[in-house]
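J.: Structure below; questions to follow.
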Amino acid sequence: MAGSGEQEALVGNKQVIFKDFVSGFPKESDMFVTNGTVKLKLPEGSRAVLVKNLYLSCDPYMRNLMKPQDANYGSLFTCYTPGSPVSGSGVAKVLESGHPDIKEGDLVWGVTTWEEYSVIKAPETLTKIRHTDVPFSYYTGILVVPGLTAYAGFYEVCSPKKGEYVCVLCSGCCWSACWAIHKVDLLKNKLGFDEAFNYKEEHDLNEALKRYFPEGIDIYFENVGGKMLDAVLLNMRIHGRIAVCGMISQYNIDKPEGVSNLMNIVYKRVRVEGFAVLDYLHQYSKFLDTVIPLHQRWKDNICRGYCRGSGERSCCPGRTL
Ligand SMILES: NC(=O)c1ccc[n+]([C@@H]2O[C@H](COP(=O)([O-])OP(=O)(O)OC[C@H]3O[C@@H](n4cnc5c(N)ncnc54)[C@H](OP(=O)(O)O)[C@@H]3O)[C@@H](O)[C@H]2O)c1
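Using my numbering, the letters of the sequence shown map in sequence onto residues 52 to 372.
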């Protein structure tokens, strides 16, 4: 029988459980909440880290983990296990640590679980938060994977040169769907982009791109795939570059759409390069050195969105559940 000390250390631990593999758009019923318990004490000699989760991020890649494992994922993804809690990126406070470099009270970001308290068995995947003069929620968005992805994809993969025409489709990381009408206004009038458009209002994407890029596109930061990629291919300039970051339009459909205009890669001698942020983690401190001063300069223009299970969709910086 457990002693009274052990009994006292048990606390409630709400978890979000992934029910089963998903087809089409995920629904609330694809997950459920359980009220479990957890002991707030690590076993003797453990090298794990016990944390209280503060912010959890809901990211597009997680949709791919809701499908049965695909051999093509390689080592990039491991799909969720039905009946187990959802995992994802988050911000947490350390309650106890068996790892020499992580101490009680530290704030960390990294892969955690959708629950109140987690025991993280691979603490080397956590990064200590050193800049604490920014909202911690930014460590689910602009200051972590989404921000680093944009930084590495743009500067390393796209190799931009002054005067080039750059097209970024799918303006995630900053705005949510419920802001769609305001996104264009924000991008153009507050953030200084030359042009912006709402893809949902354009019936002919090729015509829209010709309107916004009459000279064509040198650099395309690909996040969307499908029809959007097909339209962009028609509008690339000679020796253009396409950094393939993701294809969000394909994640909720069972059979990926075909792309018809691939010969333009040959006609225009376009370089197409896929990349994964995991290959750029070594640039994280250089990225922070760039982005923290930018945050100071632009903080009044950063839109923060939160979701507390209210049904309101949100975005980063700061995607909170
Ligand atoms: N390669 C990597 O290592 C890496 C790392 C992180 C992210 N990514 C990829 O980067 C992309 C963006 O991720 P994020 O974290 O920025 O996502 P996010 O913050 O959740 O934003 C997603 C955005 O996609 C837009 N969107 C959804 N469906 C679309 C469609 N069919 N056509 C055009 N836009 C669409 C949404 O706008 P509306 O709601 O208005 O439609 C929203 O603004 C995803 O493709 C993701 O897989 C890749």
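Just so you know, even glycine gets a beta-carbon here, dropped at the ideal spot from N, CA and C.
Quick caveat, the model's predicted, so the values are computed rather than measured.
Would you say V142 reaches chain B, if we count a Cβ-Cβ gap shorter than 8 Å as a contact?
T.: Protein chains in the displayed structure number just one, and chain B is not present.
J.: For the beta strand (DSSP E) that contains M287, what are its first and last residues?
T.: Element bounds for M287: M287 to V295.
J.: Please list the segments of the alpha helix (DSSP H) lying wholly inside the stretch 172-209, counting only runs of 4 or more residues, in order along the chain.
T.: Taking only runs of at least 4 residues, the alpha helix (DSSP H) segments lying wholly in the stretch 172-209 are 196-202.
J.: Measure from the alpha carbon of N249 to the alpha carbon of each residue in G267, V219 and F272, then state which is nearest.
T.: When each option's Cα is compared against that of N249, the closest is V219.
J.: Check S97 in the structure and name its three-state DSSP category.
T.: Reduced to three states, the DSSP call for S97 is coil.
J.: In three-state DSSP terms, what is C229?
T.: For C229, the pLDDT reaches just 40, beneath the cut-off of 50, and the residue's location in the model is therefore unreliable, although a value from the coordinates is still provided. In the structure shown, C229 sits in a helix (DSSP, three-state: H, G or I).
J.: Check whether the stretch 94-107 touches the stretch 75-83, counting contact only when three or more Cβ pairs, one atom from each stretch, lie closer than 8 Å.
T.: Taking 8 Å as the limit for Cβ pairs, the verdict is that the stretch 75-83 does not touch the stretch 94-107.
J.: Could you spell out the range, first to last residue, of the alpha helix (DSSP H) harbouring V342?
T.: Element bounds for V342: Y335 to W349.
J.: Going by C-alpha to C-alpha distance, which of Y131, L146 and V145 sits closest to G139?
T.: Looking at the Cα atoms, Y131 is the closest of the given residues.
J.: What first and last residue would you give for the beta strand (DSSP E) that runs through L61?
T.: Segment L61 to F69, the beta strand (DSSP E) holding L61.
J.: Beta-carbon separation of V270 and C209 under 8 Å?
T.: Sequence inspection shows Ile at residue 270; the Val mentioned does not correspond to that position. Yes.
J.: According to DSSP, is E19 part of a helix, a strand, or is it coil?
T.: Because the chain in this structure spans residues 52 to 372, residue 19 falls outside the shown range and cannot be described.
J.: Is E175 buried or exposed, if buried means 16 or more other CB atoms sit within 10 Å of its CB?
T.: By the 10 Å Cβ count, E175 comes out exposed.
J.: Could you check whether the stretch 330-342 touches the stretch 192-206, counting it as contact only if at least three pairs of C-beta atoms, one from each stretch, sit closer than 8 Å?
T.: Yes, since at least three Cβ pairs between the stretch 330-342 and the stretch 192-206 fall closer than 8 Å, the two stretches touch.
J.: Whose CA, out of V295, D330 and H346, lies closest to the CA of R322?
T.: Residue V295 is the option with its Cα nearest to R322.
J.: In angstroms, rounded to a whole number, what distance separates the CA positions of V142 and K179?
T.: If I take the Cα positions, the gap works out to 10 Å.
J.: Is the stretch 116-130 touching the stretch 98-105 in the sense that three or more CB pairs, one from each, lie closer than 8 Å?
T.: No: fewer than three Cβ pairs fall under 8 Å.
J.: Can you tell me the Cα-Cα spacing of E386 and S148, whole angstroms?
T.: Residue 386 lies beyond the stretch modelled for the chain, which goes from 52 to 372, so this question has no answer here.
J.: Can you list, in chain order, the residues of its chain whose CB lies under 7 Å from that of Y331, leaving out five sequence neighbours each side?
T.: Around Y331: L199, A203 and E207.
J.: Measure the alpha-carbon distance for A60 versus R98 and round it to whole angstroms.
T.: The alpha-carbon atoms of A60 and R98 are separated by roughly 19 Å.
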